[in-house]
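*Asks:*
Protein chains: 2
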Amino acid sequence: MNEQLKLDNQVCFPIYALSREIIGLYRTELEVLDITYPQYLVLLVLWEDGTQTVNQIGEKLKLDSGTLTPLLKRLEVKGIVSRCRCSADERVVHIALTEKGAVMEQMAAGIPERVMKMSGISQESLDQLKEMLASVMGQMCAFRKKEL
Amino acid sequence: MNEQLKLDNQVCFPIYALSREIIGLYRTELEVLDITYPQYLVLLVLWEDGTQTVNQIGEKLKLDSGTLTPLLKRLEVKGIVSRCRCSADERVVHIALTEKGAVMEQMAAGIPERVMKMSGISQESLDQLKEMLASVMGQMCAFRKKEL
DNA sequence: TAAAATTAAATTGTACACAATATAATTTGA
DNA sequence: TCAAATTATATTGTGTACAATTTAATTTTA
Chain A
0 MNEQLKLDNQ VCFPIYALSR EIIGLYRTEL EVLDITYPQY LVLLVLWEDG
50 TQTVNQIGEK LKLDSGTLTP LLKRLEVKGI VSRCRCSADE RVVHIALTEK
100 GAVMEQMAAG IPERVMKMSG ISQESLDQLK EMLASVMGQM CAFRKKEL
Chain B
0 MNEQLKLDNQ VCFPIYALSR EIIGLYRTEL EVLDITYPQY LVLLVLWEDG
50 TQTVNQIGEK LKLDSGTLTP LLKRLEVKGI VSRCRCSADE RVVHIALTEK
100 GAVMEQMAAG IPERVMKMSG ISQESLDQLK EMLASVMGQM CAFRKKEL
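Line by line, the protein sequences give chains A and B. Throughout the first sequence, residue numbering follows numbering that gives the first Met the number 0, covering 0 to 147 in sequence. Throughout the second sequence, residue numbering follows numbering that gives the first Met the number 0, covering 0 to 147 in sequence.
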């Protein structure tokens with residue numbers, strides 16, 4: 000059979016599998032906060048950069064309004080963020096942390112370290128992996144821009 | 000703010016983002032075959048190993064019956080696989096390629112190479128990444144086993 | 001400046017993921 | 001041997017992803 004089609008020779012499958020595996024580790028930690036991993040990513044953005052438009056969040060997380068709108072509505076229902084139309088430009092919706100959402104940052108502070116401990120991956124491998132991923136993402140983005 | 004919570008310091012987010020990015024590249028290629036990326040993964044398993052039970056596919060792709068059952072039904076509706084209860088053990092369902100499903104292997108033969116070309120990632124980086132991912136997955140699995 | 005183009009979110013529809021539970025068949029063990 | 005435990009798949013329900021379309025507001029430009 001074609002070597003290229005063997006599961007072990009795929010590059011994307013291990014990325015996809017590892018992604019789901021690590022998100023699974025986050026799940027245990029995040030269910031204490033009653034949020035999902037994509038919701039947690041939105042909070043990382045808000046904790047770091049403050050109030051953002053839906054578009055700004057989408058650019059940072061590479062997610063579109065079809066994903067974000069319902070997700071943000073769920074965070075609003077939980078009382079973690081507020082959503083309000085920009086008065087200067089009625090097309091735009093500003094997403095802000097509520098007090099509850101802001102306080103959650105303290106509770107989340109230890110999560111990344113605990114998840115990495117749970118993974119059993121050495122610090123050295125984590126550092127290498129992070130560097131590798133940045134390089135690969137960089138190559139993809141550079142190539143994509145060149146295509147235009 | 001807590002350095003650990005900055006988006007740029009996350010390990011999981013770039014994995015998750017890269018996974019979606021590359022699957023997006025596959026999408027263009029796979030829509031010619033009228034299948035999704037997870038459906039393509041199931042076909043990789045069947046092309047490589049022949050008829051499999053739902054469980055065997057699930058172990059190889061780390062997916063459960065909640066994901067696989069409906070996915071396999073969709074592949075059945077498309078005429079790509081057949082599903083039939085094992086006569087020796089009525090709990091088991093065997094998933095086999097139809098003739099159409101088998102023929103599709105030829106059409107898929109060039110996909111991995113084309114997708115990697117489209118990504119703009121150098122061969123060297125791809126090889127390094129693949130090795131890195133295998134190592135990291137190995138560490139995770141070894142650690143998980145040790146936990147029991 | 002009014003129509004055309006663009007932009008930002010929202011909506012619709014399909015397809016995963018996955019936890020939790022259900023169902024049915026097979027194995028185990030008292 | 002038959003009730004209890006286990007196993008394999010299916011079902012249910014929630015929450016992403018993402019393409020395609022819609023809606024409404026703003027900018028551009030003829």
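No residue lacks a Cβ here, since even glycine has one placed at the ideal position from N, Cα and C.
What are the complete alpha helix (DSSP H) segments, minimum 4 residues, inside the segment 6-60 of chain A?
*Replies:* If we require 4 residues or more, the alpha helix (DSSP H) runs fully inside the segment 6-60 of chain A come out as 11-32, 36-48, 53-60.
*Asks:* When DSSP builds the beta bridges, which residues end up paired with ARG84 of chain B?
*Replies:* B:VAL92
*Asks:* Please identify, using Cβ separations under 9 Å, the residues of the segment 87-108 of chain B that lie next to chain A, in order along the chain.
*Replies:* GLU104, GLN105, ALA107, ALA108
*Asks:* Quick one: any contact between the segment 9-20 of chain A and the segment 1-15 of chain B, if contact means 3 or more CB pairs under 8 Å?
*Replies:* yes
*Asks:* Chain A beta carbons: is any one of them nearer than 9 Å to that of VAL80 of chain B?
*Replies:* no
*Asks:* Going by CA-CA distance only, name the one from B:GLU146, B:LEU132, B:GLN127, B:SER118 that's closest to THR137 of chain A.
*Replies:* In the sequence as presented, Thr is not what sits at residue 137 of chain A; that position holds Gly. If we check each option's Cα against that of GLY137 of chain A, B:SER118 comes out closest.
*Asks:* What does GLN138 of chain A touch in chain B if you count any residue whose Cβ is under 7 Å from its own?
*Replies:* GLY119, ILE120, SER121, SER124
*Asks:* Does LEU60 of chain A have its Cβ less than 9 Å from a Cβ in chain B?
*Replies:* yes
*Asks:* Out of curiosity, what's the CA-to-CA distance linking GLU75 of chain A and GLU20 of chain A?
*Replies:* 28 Å
*Asks:* Please classify SER86 of chain B as buried or exposed, where buried requires at least 16 other C-beta atoms within 10 Å of its C-beta.
*Replies:* exposed
*Asks:* For ASP63 of chain A, report the span of its alpha helix (DSSP H) as first-last.
*Replies:* Counting along the chain, ASP63 of chain A falls outside any alpha helix (DSSP H), and DSSP gives it neither H nor E.
*Asks:* Are there 16 or more other CB atoms within 10 angstroms of the CB of GLU150 of chain A, so buried, or fewer, so exposed?
*Replies:* Coverage of chain A is limited to positions 0 through 147, which leaves residue 150 of chain A absent and any answer about it impossible.
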